[in-house]
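>
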Amino acid sequence: MLVLLTAVRAPVFWRDMRHQPLFWYSIVLISFFLGHYVILRYQQPLAVPPDLDVLEGFILLCFFSVIAWVLKGKSLSLVRSVLVLAAIGLLASFVLHIDWADIASFFEKRQSFGKAAIAQGLYAGLVLFGFFVFLASLLDLVGNRKWKKIVAIAFWLIGVIVAATAFLATQSRGAWGAFIVAIIVAFFGAMVHCPHALYTNGKRLALPLILGAIFMVGLVVYYQEAIFDRLLQDSSVYEQLITVDRESIPYSSVGRRAHMWIYGIQCWMERPMLGWGVGSAQPLLKQDPNLAIHPHFHNTYIQILVETGLVGLLLFCGLVLLLLFSLCNSFKKGNIPLDIFIFLIGAWVMVLTWSLIDTRLIHYDGRFLWLLLMGVTMVVSQGWLRRKSKSA
Numbered sequence: 001m002l003v004l005l006t007a008v009r010a011p012v013f014w015r016d017m018r019h020q021p022l023f024w025y026s027i028v029l030i031s032f033f034l035g036h037y038v039i040l041r042y043q044q045p046l047a048v049p050p051d052l053d054v055l056e057g058f059i060l061l062c063f064f065s066v067i068a069w070v071l072k073g074k075s076l077s078l079v080r081s082v083l084v085l086a087a088i089g090l091l092a093s094f095v096l097h098i099d100w101a102d103i104a105s106f107f108e109k110r111q112s113f114g115k116a117a118i119a120q121g122l123y124a125g126l127v128l129f130g131f132f133v134f135l136a137s138l139l140d141l142v143g144n145r146k147w148k149k150i151v152a153i154a155f156w157l158i159g160v161i162v163a164a165t166a167f168l169a170t171q172s173r174g175a176w177g178a179f180i181v182a183i184i185v186a187f188f189g190a191m192v193h194c195p196h197a198l199y200t201n202g203k204r205l206a207l208p209l210i211l212g213a214i215f216m217v218g219l220v221v222y223y224q225e226a227i228f229d230r231l232l233q234d235s236s237v238y239e240q241l242i243t244v245d246r247e248s249i250p251y252s253s254v255g256r257r258a259h260m261w262i263y264g265i266q267c268w269m270e271r272p273m274l275g276w277g278v279g280s281a282q283p284l285l286k287q288d289p290n291l292a293i294h295p296h297f298h299n300t301y302i303q304i305l306v307e308t309g310l311v312g313l314l315l316f317c318g319l320v321l322l323l324l325f326s327l328c329n330s331f332k333k334g335n336i337p338l339d340i341f342i343f344l345i346g347a348w349v350m351v352l353t354w355s356l357i358d359t360r361l362i363h364y365d366g367r368f369l370w371l372l373l374m375g376v377t378m379v380v381s382q383g384w385l386r387r388k389s390k391s392a
């Protein structure tokens, strides 16, 4: 629908986008993916033919500028509302996928909530992070009446509890680690660039923040046995990973990832510049009997490296760096509110860190996450949003 809307208003879209470096970068990426397909499909004999469905997904990611353009001229509150609706949808999905008939054993086994547990861990972590970052905006929205603030804080606490419960129940060590890294980066970044705003909001939000922290600590204490069991599950494997010797690494959860990464690097070294073709990861993994059950390399960067080569990975990393540079530059100019900046930086850190141990680029939910994150980052960094709604 968004692409159709853009096509209908093509002259306006072209007028707004023709001077935008990010738009032209997306055109370069689309051209690369199409040219890459043609070269590998028709000029090089491949044992692994490129996958058109995966190619379509990669090209779809390049339409983030359409998301940004559709949001252009809207208020910042609309962006917050879009993020809130996404959070509500995820929380509803978590609740609906709980086996209420067997709720007593909820914390005794790993929960996936209808998708891969590691992906749901990332999504729950993003929601939880957003709840804390946007708390001040929530209280500003409800006004100064005490009863409204109490109701808002109550609903906020419910959201925190649901998100934190889902976050822990996925037992995703990668998501836990990415969340901690994002918290550290966001907190110290705010301390360096906006210490006064951080201190002021900290004093104003002390009570709900303390309550939220108490509930989260309570969940961790209640769930501590499962958490520590999960964290220590592959402790005996880590020493063997240093050897980078597949013969000595066991096929455990962490060990399998090491096997896939080593195998992926070996595959890439056979075709270093352009890789094996978009969608080639699964057929390549099937050539190794011990890894045949896996659909991807469980590492976004190795996945891109194997499928599109060094050229593709550099183009992908260049896009991310350009988006982050534009975001930080716009924030320094005072064009972005603190809460939106902290959330976007934290979300990027979380997604990029998590991408070291998994990938969702071959799944629609993962592509949508990347598309939304890139589109919102672009529209915010270009200063295309109004601070207040027209009615304000």
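Residue 392 is where the sequence shown ends in UniProt numbering, and the numbering goes up by one at each step.
We treat Cβ as the ideally placed atom computed from N, Cα and C, and that holds for glycine.
None of these values were measured; they are calculated from a predicted model.
What runs of the alpha helix (DSSP H), each 4 residues or longer, lie entirely inside the stretch 95-139?
Those alpha helix (DSSP H) runs which fall completely within the stretch 95-139 and span 4+ residues are 117-133.
> Select from Q287, N335, N299, G275 the residue whose C-alpha is nearest the C-alpha of T308.
Here residue 308 corresponds to residue number 308 of the sequence shown, with the count starting at 1. Comparing Cα positions, the closest option is G275.
> Give me the residue from V278, Q171, C267, G189 with the minimum Cα distance to D229.
Counted from its first residue, the sequence shown places residue 229 at position 229. Residue Q171 is the option with its Cα nearest to D229.
> So, with DSSP's three-state summary, where would you put S248?
The residue given as residue 248 occupies position 248 in the sequence shown. In the structure shown, S248 sits in coil (DSSP, three-state: anything other than H, G, I, E or B).
> Three or more C-beta pairs under 8 Å: does that hold for the stretch 121-128 against the stretch 156-171?
Contact between the stretch 121-128 and the stretch 156-171 is present, because at least three Cβ pairs lie under 8 Å.
> Just to confirm my understanding: we take A190, look at its own chain, exclude 5 residues before and 5 after, and list those with CB closer than 8 Å. What are they?
By 1-based counting over the sequence shown, the position of residue 190 is 190. So the list reads A197, L198, L338, I342, once near-sequence residues are dropped.
> For S391, which three-state DSSP category applies?
Counting from one through the sequence shown, the residue named residue 391 turns up at place 391. Low local confidence applies: a pLDDT of 42 at S391 is under 50, so the model's placement there is unreliable, and no value is given.
> Taking the straight line between their C-alpha atoms, what separation do you get for Q266 and P272?
Taking the first residue of the sequence shown as position 1, residue 266 is located at position 266. Taking the first residue of the sequence shown as position 1, residue 272 is located at position 272. Looking at the two C-alpha atoms, the distance is approximately 10 Å.
> Considering only residues of the UniProt domain "O-antigen ligase-related" (159-317), which uninterrupted alpha helix (DSSP H) runs meet the minimum length of 4 residues and lie entirely inside it, listed in chain order?
Listed in chain order, they are 173-193, 195-204, 206-222, 224-231, 238-241, 253-270, 281-286.
> Helix, strand or coil for V349? Go by DSSP, reduced to three states.
By 1-based counting over the sequence shown, the position of residue 349 is 349. If DSSP states are grouped into helix, strand and coil, V349 belongs with the helices.
> Run the CB neighbour count on G277, radius 10 Å, all protein chains shown included, and call it buried at 16 or more, exposed below.
For the purposes of this step, residue 277 is identified with residue 277 of the sequence shown, where counting begins at 1. By the neighbour-count rule (16 or more Cβ atoms within 10 Å), G277 is buried.
> Start and end of the alpha helix (DSSP H) containing L371?
Indexing the sequence shown from 1 puts residue 371 at position 371. Counting along the chain, the alpha helix (DSSP H) containing L371 begins and ends at 364-381.
> Report yes or no: do three or more beta-carbon pairs, one from the stretch 63-71 and one from the stretch 371-380, lie closer than 8 Å?
The answer is yes - the stretch 371-380 touches the stretch 63-71, with three or more Cβ pairs under 8 Å.
> Measuring CA to CA, which of L22, F13, P11 is closest to F325?
Stepping through the sequence shown from its first residue, residue 325 is reached at position 325. Measuring from the Cα of F325, the nearest candidate turns out to be L22.
> Given that a residue counts as buried once 16 or more other Cβ atoms are within 10 Å of its Cβ, and exposed if not, what is I293?
The sequence position of residue 293 within the sequence shown is 293, counting from 1. Under this definition I293 is an exposed residue.
> Could you check what DSSP says for R15 in three-state terms: helix, strand or coil?
If you number the sequence shown from 1, residue 15 lands on position 15. Note: R15 maps to helix in three-state DSSP.
> Could you say if the stretch 213-225 and the stretch 157-167 meet the contact criterion of at least three C-beta pairs nearer than 8 Å?
Touching, yes, given that three or more Cβ pairs across the two stretches are closer than 8 Å.
> Please state the DSSP three-state secondary structure of R41.
Against the sequence shown, residue 41 aligns to sequence position 41. Helix at R41.
> Which of the three DSSP states is assigned to V89 in this structure?
Position 89 of the sequence shown, counted from the start, is the residue given in the question as residue 89. According to the sequence displayed, residue 89 carries Gly and not Val. Note: G89 maps to helix in three-state DSSP.
> Helix, strand or coil: which one does DSSP assign to D339?
Taking the first residue of the sequence shown as 1, we reach residue 339 at position 339. If DSSP states are grouped into helix, strand and coil, D339 belongs with the helices.
> Would you decide whether I88 is buried or exposed? Buried here means 16 or more other CB atoms lie within 10 Å of its CB.
Counting from one through the sequence shown, the residue named residue 88 turns up at place 88. The residue is exposed, with fewer than 16 neighbouring Cβ atoms inside 10 Å.
> I want to know whether the stretch 282-302 touches the stretch 247-264 - three or more CB-CB distances under 8 Å.
Yes, the stretch 282-302 is in contact with the stretch 247-264.
> Tell me which residue opens and which closes the alpha helix (DSSP H) that I59 is part of.
Within the sequence shown, the letter at position 59 stands for residue 59. Here the alpha helix (DSSP H) through I59 covers 52-61.
> Using three-state DSSP, classify R145 as helix, strand or coil.
Within the sequence shown, residue 145 is the residue found at index 145, counting from 1. Note: R145 maps to coil in three-state DSSP.
> Is G334 helix, strand or coil by DSSP?
Your numbering for residue 334 matches position 334 in the sequence shown. In the structure shown, G334 sits in coil (DSSP, three-state: anything other than H, G, I, E or B).
> Would you decide whether H382 is buried or exposed? Buried here means 16 or more other CB atoms lie within 10 Å of its CB.
Along the sequence shown, one-based indexing puts residue 382 at 382. Correcting the residue identity first, residue 382 is Gln in this sequence and not His. Q382 is buried by the Cβ-count criterion.
> If we ignore side chains and look at the alpha-carbon of each, how far apart do L327 and F188 end up?
What you label residue 327 is simply residue 327 of the sequence shown in a count that begins at 1. What you label residue 188 is simply residue 188 of the sequence shown in a count that begins at 1. Rounded to the nearest angstrom, the two C-alpha atoms are 17 Å apart.
> Between the C-alpha atoms of I227 and Q20, what's the straight-line distance to the nearest angstrom?
By one-based count along the sequence shown, residue 227 stands at place 227. By one-based count along the sequence shown, residue 20 stands at place 20. Distance between the alpha carbons of I227 and Q20: 46 Å.
> Residues in its own chain within less than 7 Å of K115 by CB, not counting five upstream and five downstream?
What you label residue 115 is simply residue 115 of the sequence shown in a count that begins at 1. So the list reads D365, once near-sequence residues are dropped.
> Spatial neighbours of L373 within its chain, please: CB distance less than 8 Å, with the 5 preceding and 5 following residues excluded, ordered by chain position.
The residue given as residue 373 occupies position 373 in the sequence shown. Cβ within range, chain order: L344, A347, W348, V351.
> Does DSSP put R80 in a helix, a strand or coil?
By one-based count along the sequence shown, residue 80 stands at place 80. Helix, per DSSP.
> Output the distance between the C-alpha atoms of Y25 and K146, rounded to the nearest integer angstrom.
Residue mapping note: residue 25 aligns to position 25 of the sequence shown, counting from 1. Residue mapping note: residue 146 aligns to position 146 of the sequence shown, counting from 1. Computed Cα separation, rounded: 49 Å.
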